[in-house]
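> Got a structure for you, questions after.
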Amino acid sequence: MLNKYPLWKNLLIVFVVLLAAVYSAPNLYPDDPAVQVSHESQDINEFELGTITDALRAADVDYFGDTLEGRSALVRFHNLEDQLRGKTVIEQTLGAGYFTALNLAPTTPGWLQAINAGKMSLGLDLQGGVHFLMEVDMDAALQRRMENNVSTIRQLLRSERIRSRALSLESANLIVARFDDESARSQARALVRDNFADLQPVNREQDGSYILELSLSEADILQLQRDTIAANKTTILNRVDSLGVAEPVVQQQGASRIVVELPGVQDTAQAKRILQRIATLQFHLEAQPGSPSTSYTTYEYQGQLIDVSNDVILQGDRVSNVRSALDQQGLPQVVINLDAQGGEQFSRVTRDNIGKLMDIVLSETKTRSTFEPGDNGEMVEHQETYEEKRLISHAVIRAALGREFVITGLSTTEANELSLLIRSGALAAPMYFVEERTLGPSLGAENIKQGTQAVYLGFGLVLIFMVFYYRLFGLLANIALAVNVLLLIAIMSIISATLTLPGIFGIVLIVGMAVDANVLIFTRIREELSNGLSPQGAIKAGFDNAFSTIVDANLTTLLVGIVLFSIGTGPVKGFAVTLMIGIATSMFTAILVTRALVNLVYGGRNVKELSIGKFA
């Protein structure tokens with residue numbers, strides 16, 4: 003029987019459409035403005051949540067929900083104005099050690115959340131947020147690498163009993179070592195050549211001293227800069243991901259700059275705190291008894307005062323991975339992995355210092371808020387950045403350590419916090435804010451409104467044209483077009499794709515492209531009818547013969563979308579994602595859904611004519 007789908011195919015189409023409807027549904031539930039409160043080292047408890055809500059009521063800030071979620075608290079507000087006022091009140095109430103972030107709390111029903119149905123993420127141009135342009139301090143990266151080399155060379159000279167008059171970093175890229183005789187200099191040069199392939203040695207004599215100058219070549223400096231900006235880019239992305247910023251954009255711009263966009267964040271100061279809260283490890287040996295006070299720093303560790311040598315035997319930028327785990331006794335520990343050069347360097351230092359005490363210092367860069375009276379008497383928030391160092395490990399070196407070792411003696415919370423901070427916070431070089439701007443949610447809402455109007459207008463014009471020109475077939479194509487948009491939204495929601503303003507324009511384009519496939523089919527059906535085929539035969543021939551043309555046309559457009567996604571950035575990627583998904587859904591609806599609807603109306607019947615408009 004012509005133009006009849008088997009039952010399983012009809013059921014499959016119905017199942018896909020129903021599934022798309024379910025996974026598109028979360029987009030109908032708008033998020034609530036909220037403030038998320040967390041502590042740097044502990045969970046938020048019921049008492050602290052009560053303190054927050056009491057302060058909000060005392061300040062007459064209207065809120066309607068407060069819950070504990072994981073390690074943080076979430077307070078919901080009715081509008082953005084109350085959200086901003088509430089954040090200020092919470093910050094003034096809790097003080098240092100707490101982090102407050104503007105957030106959006108989902109209102110999706112629980113049964114949808116249970117099946118992992120979520121809504122599309124909105125880009126910066128639709129949701130609002132902050133945009134930063136950050137500069138990486140490449141000079142500091144170079145100096146940090148050379149300082150690390152100085153410390154290691156000093157350790158090597160001591161271990162090999164090679165006496166030097168002085169060893170210092172004269173400039174960012176110049177290490178100068180002075181010796182009393184040429185033999186010592188030659189031994190030192192051979193030692194450096196064997197352990198530092200990237201350092202270029204130069205001999206010279208001055209005032210009776212035998213001098214060895216060490217520097218990096220231009221090629222090595224360029225490689226260091228590339229590695230530094232790549233490491234910082236990864237670090238920033240990990241940091242904003244770990245703090246719950248949805249769909250951040252972190253992209254390299256030029257040789258030394260990184261663009262950071264944080265959708266949904268309206269507080270520039272809070273965004274800076276997210277980016278600036280970094281942490282790194284430094285490995286030292288304990289200071290020898292009788293060392294001058296300028297050569298060590300005293301830390302408190304488990305109730306004792308420990309003198310830690312200022313010489314760094316290994317910097318945190320050599321840490322390649324950190325994770326928390328449990329040892330054989332079920333006690334928490336932190337497993338640290340080093341890169342190849344760091345592992346070799348660490349193995350050599352620990353092998354030469356077996357029996358001595360090694361100290362690991364955690365260095366954190368933090369930002370704290372202070373409130374001072376302004377000119378009009380209101381409290382004004384000021385941001386202060388400071389560095390906090392603490393000793394987290396003080397243990398005897400019992401054997402040479404390799405690229406992987408563990409830190410023990412921590413609580414579960416401390417182990418998890420340490421692994422998170424180090425894994426996402428070890429910047430290879432400092433960064434500075436070159437440009438910042440904030441896109442308000444009102445402007446984003448206006449973009450959504452205009453984009454939605456564009457979709458409605460395009461959709462409406464297509465509906466009118468198809469019904470006017472193709473009659474009943476046009477109406478069936480319009481139903482398939484609605485299914486196409488439904489599938490597009492569902493897929494973008496399932497894969498958590500970010501919808502941007504260019505993405506909305508991509509949806510408008512897809513509406514036209516989806517109808518184009520039906521136009522090809524309907525035109526072919528008209529031609530077959532004009533050639534004398536029966537209505538049923540014309541329907542079958544129209545769909546069958548137009549199939550290859552539709553596939554060719556959509557395949558070429560898909561290739562363009564892949565190219566745009568591969569080489570494009572930002573808005574171009576958003577447009578490309580929508581385009582590629584839309585091509586797949588439009589082919590499904592034009593070829594299967596439209597034909598299923600036509601079969602439902604005409605299939606298996608003795609039809610004398612088709613409602614498909616006039617044809618030549």
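Each residue of the sequence shown is one higher than the last, beginning at 3 in my numbering. Just so you know, even glycine gets a beta-carbon here, dropped at the ideal spot from N, CA and C. Just so it is clear, the structure is predicted and the values come from calculations on it, not from any experiment.
From E437, L158, L489 and G256, pick the residue whose C-alpha is nearest to that of I15; which is it?
Per the Cα distances, L489.
> Output the distance between the C-alpha atoms of N533 and N608, rounded to the nearest integer angstrom.
About 19 Å.
> Would you say P8 and Q85 are within 8 Å of each other, going by their C-beta atoms?
No, they are not a contact pair.
> If you drop the 5 nearest sequence neighbours on each side, which residues of the same chain put their C-beta closer than 7 Å to that of I362?
Counting only Cβ-Cβ distances below 7 Å, and skipping sequence neighbours, we find L283, F285, I394, S395 and I409.
> Using 8 Å for Cβ pairs, my map puts A174 next to T230. What's the rounded Cβ distance?
Under the criterion of beta carbons closer than 8 Å, A174 and T230 do not qualify as touching, at roughly 13 Å.
> State the Cα-Cα distance for the pair N205 and Y212, rounded to the nearest angstrom.
8 Å
> I308 and V324: beta carbons closer than 8 Å?
no
> What three-state label does DSSP hand G131 in the structure shown?
strand
> From which residue to which residue does the beta strand (DSSP E) around S217 run?
S211 to L218
> When the distance is taken between beta carbons, is L158 closer than 8 Å to N197?
yes
> Considering only the beta carbon of each residue, do N520 and T596 sit closer than 8 Å?
Closer than 8 Å, so yes.
> By the 10 Å Cβ neighbour count, where 16 or more other Cβ atoms means buried, how is Y458 classified, buried or exposed?
Around the beta carbon of Y458, a 10 Å sphere encloses fewer than 16 other beta carbons of the protein chains shown; the residue is thus reported as exposed.
> Do L124 and P265 have their C-beta atoms within less than 8 Å of each other?
yes
> Can you list, in chain order, the residues of its chain with a C-beta nearer than 6 Å to that of L465? Leave out the 5 residues immediately preceding and following it.
Closer than 6 Å at Cβ, skipping near neighbours: N480.
> Please state the DSSP three-state secondary structure of N12.
helix
> By Cβ distance below 6 Å, which residues in the same chain neighbour L612 in space, the five residues on each side in sequence not counted?
P537
> Please state the DSSP three-state secondary structure of D229.
Correct three-state label for D229: helix.
> Helix, strand or coil for T282, going by three-state DSSP, please let me know.
If DSSP states are grouped into helix, strand and coil, T282 belongs with the strands.
> Tell me which residue opens and which closes the alpha helix (DSSP H) that S188 is part of.
Its alpha helix (DSSP H) spans residues E184 to N197.
> For R163 versus D182, is the C-beta spacing smaller than 8 Å?
no
> How would you write the range of the beta strand (DSSP E) that N323 sits in, first residue to last?
V321 to L328
> Check whether the Cβ atoms of K11 and G605 sit closer than 8 Å, and answer yes or no.
Their beta carbons are not under 8 Å apart, which means K11 does not touch G605 by this criterion.
> Entirely within the segment 452–530 and at least 3 residues each: give me those beta strand (DSSP E) ranges in chain order.
none
> So, at 6 Å on beta carbons, what are the nonlocal neighbours of D311 in its own chain, with the 5 sequence-adjacent residues on each side left out?
Inspection of the sequence shows that residue 311 is occupied by Ser rather than by Asp. When the five nearest sequence neighbours on each side are left out, the beta carbons in the same chain lying within less than 6 Å of the beta carbon of S311 are those of H286, L287, A289 and Y298, in order along the chain.
> Given that a residue counts as buried once 16 or more other Cβ atoms are within 10 Å of its Cβ, and exposed if not, what is A618?
Below a pLDDT of 50, predicted positions are generally treated as unreliable, and A618, at 44, falls in that range; no measurement from the model is reported.
> Can you list, in chain order, the residues of its chain with a C-beta nearer than 7 Å to that of R147? Leave out the 5 residues immediately preceding and following it.
L226
> Here's a check: name, in chain order, each residue in its chain whose Cβ is nearer than 7 Å to the Cβ of R650, leaving out the five neighbours to either side.
Examination of residue 650 is not possible in this model, given that the chain is present from 3 through 618 alone.
> Leaving out five residues on either side along the sequence, give the residues of the same chain with a beta carbon under 6 Å from the beta carbon of E263.
L126, H133 and V251
> Does the separation of the CB atoms of L328 and F348 fall below 8 Å?
no
> Does the distance from the C-beta atom of L581 to that of L474 stay below 8 Å?
No, the pair does not count as a contact, with Cβ atoms beyond the cut-off.
> On the DSSP bridge assignment, give the partners of L20 in chain order.
Answer by DSSP bridge pairing: none, since L20 is not bridged.
> Per DSSP, what kind of secondary structure is S568 in: helix, strand or coil?
helix
> What are the boundary residues of the beta strand (DSSP E) that I164 is part of?
Per DSSP, I164 belongs to no beta strand (DSSP E) and is neither H nor E.
> Is K6 helix, strand or coil when you go by DSSP?
coil
> When you compare only the Cα positions, how much space is there between L522 and L560?
Approximately 18 Å, taken between the alpha carbons.
> Tell me whether the beta-carbon of L201 lies closer than 8 Å to the beta-carbon of S188.
no
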